[in-house]
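Numbering (full-length UniProt numbering), first residue to last: 1 to 390. We put the beta carbon where it would ideally sit given N, CA and C, even for glycine.
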Ligand SMILES: Cc1ncc(COP(=O)(O)O)c(C=O)c1O
């Protein structure tokens, strides 16, 4: 082993001892509730395919058609040779869906968050960021020349206090997930925006988990609260079922990011076939009332039953259901027991979540059947007793 490898190996041993070791598993089938994982049949309660669209034939057909015309990769940045009509069509569709003047595509939601936060706030500005914001927001803040001040999770008193304390900064940007990825809480966007107005600040919302899920026709958190943040960020990789990210907002904002956001300028454009599939996905989502109803009925059944069993379940009514176990090793053991019973719902541990809050993070889709859910609940009942957790 080289000196470098020996050093890394020692670190990995410590990672293992802390119960924080991660490894990859291989999906042998297309995304759906019942999958082959590492060759074994598993009932999946951990995907972001909330409306089952990642495997929808209408999207696959749209991608196939454009694939024949445009090939696989886009082969260049949007600003060189990667731009097609499909990119524009999808941006117009996203803007219409999010009810904004314009939209700009990025290769992922991660890059959209990093792009916005490293570009808009400048040296003499401050970013007020919710403690539980997604890693891509945190990384964007780290790249920004502005100062970052963290406020307690969805704590409006703390946000107001921090807005008061940062009055001397040139501009103030408040950034929040719409639906928090690890806690399943919904940000009180109506209150955030009214504070922003009172303190002359700007609002940025990352609607990754709300797009397709919350609000009328799944338009997201802004629509759910009937408000308009200055900047809406999103991903195509969750309910929309494809890949890529976007920013939606005013024409000037979009043009500014196109000219200045490094994660837009220095990235290869999304493949046109994925743009076409995403376009169809948005059309499908606008008509997916029944799927959304089924999704929320599944969420309610699981949450209510787990609470009745005595589990500590966090979050609002969203497809993200965090069941708190506490200790990371116990959470891993719980996840392993679930897997032995054919349920795939990995343990989430620090640093992804705070110390002492290791959890089984369940996510539910509209495609889960009553039988799937009954079996999940049966397993939680059994394993909870076996491990003496509740
Ligand atoms: C809240 C949130 N924002 C952004 C992202 C990143 O999106 P993408 O997977 O498209 O990079 C995720 C994905 O995990 C997320 O949960």
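I'd like the list of long-range same chain contacts for residue i, defined as Cβ closer than 7 Å, with 5 residues on each side in sequence excluded.
i	result
residue 269	74, 76, 77, 78, 82, 83 and 87
residue 309	380, 381, 384 and 390
residue 280	58, 59 and 62
residue 34	41 and 43
residue 265	77 and 79
residue 300	317
residue 373	298, 301 and 302
Closer than 7 Å to a non-hydrogen atom of ligand 1 - does that hold for the CB of residue i?
i	result
residue 134	yes
residue 200	no
residue 278	no
residue 113	yes
residue 208	yes
residue 139	no
residue 237	yes
residue 183	no
residue 110	yes
residue 245	yes
residue 177	yes
The alpha helix (DSSP H) that contains residue i, what's its start and end?
i	result
residue 380	370–386
residue 180	Neither: residue 180 is in no alpha helix (DSSP H) and is coded neither H nor E.
residue 188	Per DSSP, residue 188 belongs to no alpha helix (DSSP H) and is neither H nor E.
residue 337	328–340
residue 263	262–265
residue 85	85–98
residue 154	Premise fails: residue 154 is in no alpha helix (DSSP H) and is neither H nor E.
residue 307	289–309
residue 59	57–70
residue 221	221–225
I need the DSSP call for residue i, collapsed to helix, strand or coil.
i	result
residue 40	strand
residue 233	strand
residue 147	strand
residue 28	coil
residue 1	coil
residue 245	strand
residue 207	coil
residue 172	strand
residue 213	coil
residue 51	coil
residue 320	strand
residue 199	coil
residue 133	coil
residue 353	coil
residue 75	coil
residue 268	strand
residue 258	helix
residue 138	helix
residue 312	strand
residue 348	strand
residue 192	helix
residue 391	As displayed, the chain neither begins before 1 nor continues past 390, which places residue 391 out of reach and without an answer.
residue 240	coil
Following the continuous beta strand (DSSP E) through residue i, name the residue where it begins and the one where it ends.
i	result
residue 281	Here residue 281 belongs to no beta strand (DSSP E); instead the alpha helix (DSSP H) covers 272–286.
residue 359	358–363
residue 110	Careful: residue 110 lies outside any beta strand (DSSP E), inside the alpha helix (DSSP H) at 109–119.
residue 129	126–130
residue 106	102–106
For chain C, check one thing: does any of its Cβ atoms lie closer than 8 Å to the Cβ of residue i?
i	result
residue 356	Absent here is chain C; the protein component of the structure consists of one chain.
Here's a check: name, in chain order, each residue in its chain whose Cβ is nearer than 6 Å to the Cβ of residue i, leaving out the five neighbours to either side.
i	result
residue 282	93 and 97
residue 21	15
residue 118	140, 143 and 144
residue 217	286
residue 237	243
residue 377	305
residue 131	150, 152 and 153
residue 100	248 and 249
residue 109	208, 235 and 245
Counting only the same chain and skipping the five closest in sequence on each side, list residues whose C-beta sits under 8 Å from that of residue i.
i	result
residue 267	77, 106, 107 and 111
residue 326	356, 357 and 358
residue 123	145 and 146
residue 334	325, 347, 360, 383, 387 and 389
residue 12	21
residue 156	188, 191, 192 and 195
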